[in-house]
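S.K.: Okay, handing you the structure first.
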């Protein structure tokens, strides 16, 4: 087990390094110079000479590997970032300085990641309870009207485009009525946790409800398969109650693949939920990256949002594999 | 197959056991075949810490147009042996000489193997998972014809229909899917596919064990017919000793990767000399015993087959053997020919309750009865097993080599 | 029974009554019919099935897939889903009819007085729970007052009884850590943990190697002698039947086709399907000149069973019956010429003579010769 974890950690680090290099190289070698927005954004005319000067000051004239080396060194020990004539002291972990706000990217990342994580957790709680709950209930009543209602109901929800669902919820539940208070992220540091909670309540609910059908159908399928397994018949033949058979025997076996896809989904959610954040006005990672990609492009922000997404997905993959080994005693992580 | 066959006609379709042709040349000669699967450690660096010795020094011959049965319990290496011969794995060592040109299937390259794949075909155990459910029967049976360019493209269909007819299926059903057939019919499709390339050797791995008993006989009879009509040799791998007895005039018994006894049907079923063969046979529930009320002599084995990663020293069967002695832990018994077509690997070979009390192999190995080195003895030079049978053998009565 | 029982447990109403009421066998299945409505129509899985088993005796039920042998036994435990199965007739366990009984009542019986062990123990045991947990669960559901410690002790005791070495430590292993034979022993230990009066064994040795199969069959016989339980042994292997059973029930297409004492059925079968079963399996000790005679064709669909004898389409002997009786009229289960205990469902006149003169010479020439010598001596 220990050897396995060490091997997997090493390969995860390798994957993250490769991903970070790919991200860095794509923007660095892209069609337009990363210095272009800086040059244009200064208010003066951007002459080729000025552009070249800015590029030189930012180290963009160096080969890509060297520039990547400088960047990664900054992540580990910090560095001085030079943009044009300005120089910034960027402490470790340094992901650069925003071209637009000229603030350290790391500082903003720390603020932005909190609402994204809260939405991911809140949304997951909703779709795990609602989705998996419906799945189990439908599987237990397989073939009955109740089953059909639950299956077609979840089909109906999943056929509404997500952005439309968000918009409708926002329009009708907060704008036209006062069922939910104004949405948005009100930092915990403001000292009003209740306001933080209510601000994120609707986004979490909408995200959860929208993802529930996938989990309902998947867990229904897993439960139906498991309920047909031989060990379920054995459990019934012991004289156990239906409820014990359903939860202690069937769900215990069916939960393993559900946990697997949940782990991967959760990693993706942590990388930012653009629609949710945009429509409900939550300043998270998703909108941050979205804003950065629009001209004038803010390359350091763009890089860090893509990078953080890659890290979350690699890490959640690792965790899923480890959890699998714990949940299924037949899997030997060796 | 008509559903209303008269009983007389039915008897003509029935089959007595296959008979042995002692003069048939070998189509396959397997010599000292070995297959080790590596076992790796679980640490940070995955070292090779041992091997699963799935097949360890197996030698036998399959005669042209004849059948050799390979029996043994799960994990004895019989299926691995079959897969080695069809080159689903590349063996760790040994040779498998096949056909008129004695090409060695063990060392041949994949490119050279391709034409030989026509001649060595496999029938699988599970008729449900070994056919692609999304392909029609025509595609399944016709694919080998197309891959090997056996018949012109426009003739493929008619050849497929011929093959379906040969295996007793309706030729008009070529565009149906496997799910529309019963288990027995699916196994016929599998046989038609294997037959498409007119192979010289069929490796049949448990071909009937997934079928209902009344269907088993249909499939066995079909294979007997095809064997006679097309002169196909069979390596018949099965755990069902009664069916092997019916189909195979020669049988090899395997235990933990080694052949412990090999011989013609008579030697194995009526004159087994290895305690494992005897235990296997006496474990088969017997209908006749209930009919006549007599009870056969039984050997009951205790415990389970040991792990092939760490097989017992000396004789691998000794941990479960009812007659094991000291020597069995020290020396591996050679597979010794003790009859015209009969070899056994045991220090104390003999019929049930007539096993000798002293090891007959001690002299050959140059040791005393406890297996300790005996300076006075002169060990026989080469006890390595060769495929096939020699003209002289070790006579158990006189305890010397000679011709009976 | 309680005197020989080394594991005394609370007395069960069933056991006390079984000893006193000698009137009826422990299990009586009477005119049992099981149907499953499906999208394609009504599957007639079991039709008009009757049999009985006494304490201390073993009934072997033989048949192929789809013959209804497993379905009928699942009905004895009430394991069919009420929503999907239509069950009629009566199943009397210890004198009490259980057809239509509420699930709560059935649960008290399941795993307690009537237990079942299944084929393929790897699939039948829960892969994620330790065997100890699965055994104690089976014990505690019927012994609510037993503490965890007592239940665990009982689990270890049962593992020891079924011949698992080092039960103290193996009780904490998962099913996949056992070999096939040992896993089947765990399954048997679980089935017997509450001292059932009736044990239903559904193909308990089918997935096992022969030497392990022999161990398991020996074990079941030992345990039966010790606990005097009734056993129903469901199998497709006539050899297992020959070794284990006192009575045999042959099923075909959802119906009983032959029923009687084991030795009688195996030596003087009177139904062509039984002949077919006997002649399509070779025997390790049979005459090498014996022939393997397949039964042609396949069993009929259970959706649309034929109106006459279900075996008629595959039967080689229906021409010996006058007219089209076999095709039009379902024969009753009735005694043939060999006594009241040997029932068969067949129109053939004098089937024993046909068996001895036409079938036996094909499948066992040696036995046929000795049989004809015997009969000539007798006459």
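Residue numbers (our numbering), protein chains in the order written: chain Y, 20 to 353; chain G, 14 to 417; chain W, 24 to 402. For each residue, glycine too, the CB sits at the ideal point set by N, CA and C.
1) Look up residue 241 of chain W in the DSSP assignment and say whether it is helix, strand or coil.
2) Below 8 Å between beta carbons: does that hold for residue 102 of chain W and residue 252 of chain Y?
3) Please list the partners that residue 148 of chain W has in chain Y, where partner means a Cβ-to-Cβ separation under 9 Å.
4) Do residue 314 of chain W and residue 29 of chain G have their beta-carbon atoms positioned less than 8 Å apart in this structure?
5) Go ahead and pull the three-state DSSP assignment for residue 109 of chain Y.
6) Would you identify the three-state DSSP class for residue 350 of chain G, choosing helix, strand or coil?
7) If you draw a straight line from the alpha carbon of residue 173 of chain G to that of residue 187 of chain G, how long is it in whole angstroms?
8) Mind checking whether residue 259 of chain G and residue 274 of chain G have CB atoms under 8 Å apart?
9) For residue 82 of chain G, which of helix, strand or coil comes out of DSSP?
10) Take the Cβ of residue 44 of chain W as the centre, count every other Cβ of all protein chains shown within 10 Å, and call the residue buried at 16 or more, exposed below.
11) Can you tell me whether residue 33 of chain W is helix, strand or coil according to DSSP?
12) Is residue 103 of chain W helix, strand or coil by DSSP?
13) Quick check on the DSSP output: the alpha helix (DSSP H) that includes residue 281 of chain Y runs from which residue to which?
14) Going along the segment 68–95 of chain Y in order, which residues come within less than 8 Å of chain W, judged by CB to CB distance?
15) What residues in its chain sit with their C-beta under 7 Å from that of residue 269 of chain Y, if we drop five residues either side in the sequence?
16) Which residue or residues does DSSP assign as beta-bridge partners of residue 144 of chain G?
17) Excluding the 5 residues preceding and the 5 following residue 26 of chain Y in the sequence, name in chain order all residues of the same chain whose CB lies nearer than 8 Å to its CB.
18) Taking Cβ positions only, does residue 276 of chain Y come closer than 8 Å to chain W?
19) Can you list, in chain order, the residues of its chain whose CB lies under 7 Å from that of residue 189 of chain G, leaving out five sequence neighbours each side?
20) Could you work out which residues of chain W lie near residue 259 of chain Y, taking near to mean beta carbons separated by less than 9 Å?
21) Which residue wins for smallest C-alpha separation from residue 70 of chain G, given the options G/318, G/291, G/271, G/113?
22) Measuring only the C-alpha atoms, how far is residue 19 of chain G from residue 311 of chain G?
23) Decide yes or no for the touch test of the segment 300–316 of chain Y against the segment 193–213 of chain Y: beta carbon pairs closer than 8 Å, at least 3 of them.
24) Can you pull the chain Y residues whose beta carbon is under 7 Å from the beta carbon of residue 57 of chain G, in chain order?
25) Between the segment 193–219 of chain W and chain Y, which residues of the former have CB atoms less than 7 Å from a CB of the latter, in chain order?
26) List the endpoints of the continuous beta strand (DSSP E) containing residue 49 of chain G.
27) What residue range is occupied by the uninterrupted alpha helix (DSSP H) comprising residue 298 of chain W?
28) Apart from the five residues on each side of it in sequence, which residues of its chain come closer than 6 Å, Cβ to Cβ, to residue 17 of chain G?
29) Taking DSSP's pairing of strands, which residues face residue 110 of chain W in a bridge?
30) Does the beta carbon of residue 186 of chain G sit closer than 8 Å to a beta carbon anywhere in chain C?
31) Where does residue 39 of chain W land, buried or exposed, given buried means 16+ other C-beta within 10 angstroms?
32) State the start and end residues of the unbroken beta strand (DSSP E) segment that holds residue 326 of chain Y.
33) Sorted by chain position, which residues of the same chain lie with C-beta nearer than 8 Å to residue 154 of chain G's C-beta, five sequence neighbours on each side aside?
34) Straight-line CA distance for residue 43 of chain G to residue 139 of chain G?
35) Comparing C-alpha positions only, which one of Y/137, Y/53, Y/42, Y/209 sits nearest to residue 80 of chain Y?
36) How far does the alpha helix (DSSP H) with residue 188 of chain W in it extend, from its first residue to its last?
M.R.: By the coordinates alone:
1) Position 218 of the third chain, counted from the first residue, corresponds to residue 241 of chain W. Residue 241 of chain W: helix per DSSP, three-state reduction.
2) The count along the third chain starts at 1 and reaches residue 102 of chain W at position 79. The count along the first chain starts at 1 and reaches residue 252 of chain Y at position 233. The criterion of a C-beta distance shorter than 8 Å is satisfied by residue 102 of chain W and residue 252 of chain Y.
3) As a first step, residue 148 of chain W is located in the third chain; it is residue number 125 there, counting from the start. Here the neighbours are 249, 250, 253.
4) Here residue 29 of chain G refers to the residue found at position 16 of the second chain. Here residue 314 of chain W refers to the residue found at position 291 of the third chain. Residue 29 of chain G is a Cβ neighbour of residue 314 of chain W, given a cutoff of 8 Å.
5) As a position in the first chain, residue 109 of chain Y is number 90, starting the count at 1. Here residue 109 of chain Y carries a strand assignment [DSSP, helix/strand/coil].
6) Position 337 of the second chain holds residue 350 of chain G. Residue 350 of chain G falls in the strand class under three-state DSSP.
7) For this step, residue 173 of chain G is matched to residue 160 along the second chain. For this step, residue 187 of chain G is matched to residue 174 along the second chain. So the alpha carbons of these two residues sit roughly 8 Å apart.
8) Translated into positions along the second chain, residue 259 of chain G becomes position 246. Translated into positions along the second chain, residue 274 of chain G becomes position 261. No; because the gap between Cβ atoms is not below 8 Å, this pair is not in contact.
9) As a working note, residue 82 of chain G is residue 69 in the second chain. Strand.
10) Start at 1 with the first residue of the third chain, and residue 44 of chain W comes out as number 21. The predicted model places residue 44 of chain W with a pLDDT of 49, which falls under 50 and marks its position as unreliable; any figure quoted below should be read in that light. Label assigned to residue 44 of chain W: exposed.
11) By 1-based counting over the third chain, the position of residue 33 of chain W is 10. Residue placement at residue 33 of chain W cannot be trusted, given a pLDDT of 39 that sits under 50; the coordinates are not used to answer.
12) Residue 103 of chain W sits at position 80 when you count from the first residue of the third chain. In the structure shown, residue 103 of chain W adopts coil according to DSSP, grouped into three states.
13) Within the first chain, residue 281 of chain Y is the residue found at index 262, counting from 1. Unbroken alpha helix (DSSP H) run through residue 281 of chain Y: 271–289.
14) Cβ contacts with chain W come from no residue of the segment 68–95 of chain Y.
15) In the first chain, counting from the first residue as 1, residue 269 of chain Y sits at position 250. Result list for residue 269 of chain Y: 242, 245, 246, 251, in chain order.
16) The residue given as residue 144 of chain G occupies position 131 in the second chain. Answer is none; residue 144 of chain G lacks a bridge partner.
17) One-based indexing of the first chain puts residue 26 of chain Y at position 7. Nothing meets the Cβ criterion.
18) For the purposes of this step, residue 276 of chain Y is taken as residue 257 along the first chain, with counting starting at 1. It does not; no Cβ of chain W falls within 8 Å.
19) Locating residue 189 of chain G in the second chain gives position 176, counting from the first residue. Correct list, in chain order: 149, 150.
20) As a position in the first chain, residue 259 of chain Y is number 240, starting the count at 1. In chain order: 130, 133, 134, 160, 161, 164.
21) If you number the second chain from 1, residue 70 of chain G lands on position 57. Checked all of G/318, G/291, G/271, G/113; the closest Cα to residue 70 of chain G is G/271.
22) Residue 19 of chain G sits at position 6 when you count from the first residue of the second chain. Residue 311 of chain G sits at position 298 when you count from the first residue of the second chain. A caution first: residue 19 of chain G carries a pLDDT of 38, below 50, which makes its placement in the model unreliable, though a value can still be read off. Cα-Cα distance, rounded: 41 Å.
23) The answer is yes - the segment 193–213 of chain Y touches the segment 300–316 of chain Y, with three or more Cβ pairs under 8 Å.
24) As a first step, residue 57 of chain G is located in the second chain; it is residue number 44 there, counting from the start. Those are 22, 25, 26, listed as they occur along chain Y.
25) Of all residues in the segment 193–219 of chain W, 197, 199 have a Cβ within less than 7 Å of some Cβ in chain Y.
26) As a position in the second chain, residue 49 of chain G is number 36, starting the count at 1. 39–53 is the span of the beta strand (DSSP E), which, as asked, contains residue 49 of chain G.
27) Your numbering for residue 298 of chain W matches position 275 in the third chain. Going by DSSP, residue 298 of chain W is part of the alpha helix (DSSP H) stretching over 295–303.
28) Within the second chain, residue 17 of chain G is the residue found at index 4, counting from 1. Because residue 17 of chain G carries a pLDDT of 40, less than 50, the predicted location of this residue cannot be relied on, and the following value inherits that uncertainty. Within the same chain, residue 17 of chain G has no close Cβ partners at all.
29) Against the third chain, residue 110 of chain W aligns to sequence position 87. Per DSSP, W/57.
30) Note that chain C does not occur in the displayed structure, where the protein chains are Y, G and W.
31) Numbered from its first residue, the third chain carries residue 39 of chain W at position 16. In this prediction, residue 39 of chain W has a pLDDT of 38, which is less than 50 and means its spatial position is unreliable; nothing more can be read from the coordinates.
32) Looking up residue 326 of chain Y in the first chain gives position 307. Residue 326 of chain Y -> not in any beta strand (DSSP E); alpha helix (DSSP H) instead, spanning 318–346.
33) In the second chain, residue 154 of chain G corresponds to position 141, counting from 1. Taking C-beta separations shorter than 8 Å and ignoring five residues to either side along the sequence, the partners of residue 154 of chain G in its chain run 173, 176, 177, 187, 202, 205, 206, 209, following chain order.
34) Numbered from its first residue, the second chain carries residue 43 of chain G at position 30. Numbered from its first residue, the second chain carries residue 139 of chain G at position 126. C-alpha separation (whole angstroms): 26 Å.
35) In the first chain, residue 80 of chain Y corresponds to position 61, counting from 1. Of the candidates Y/137, Y/53, Y/42, Y/209, the one whose C-alpha sits nearest the C-alpha of residue 80 of chain Y is Y/53.
36) Residue 188 of chain W sits at position 165 when you count from the first residue of the third chain. Here residue 188 of chain W belongs to no alpha helix (DSSP H), and DSSP marks it neither H nor E.
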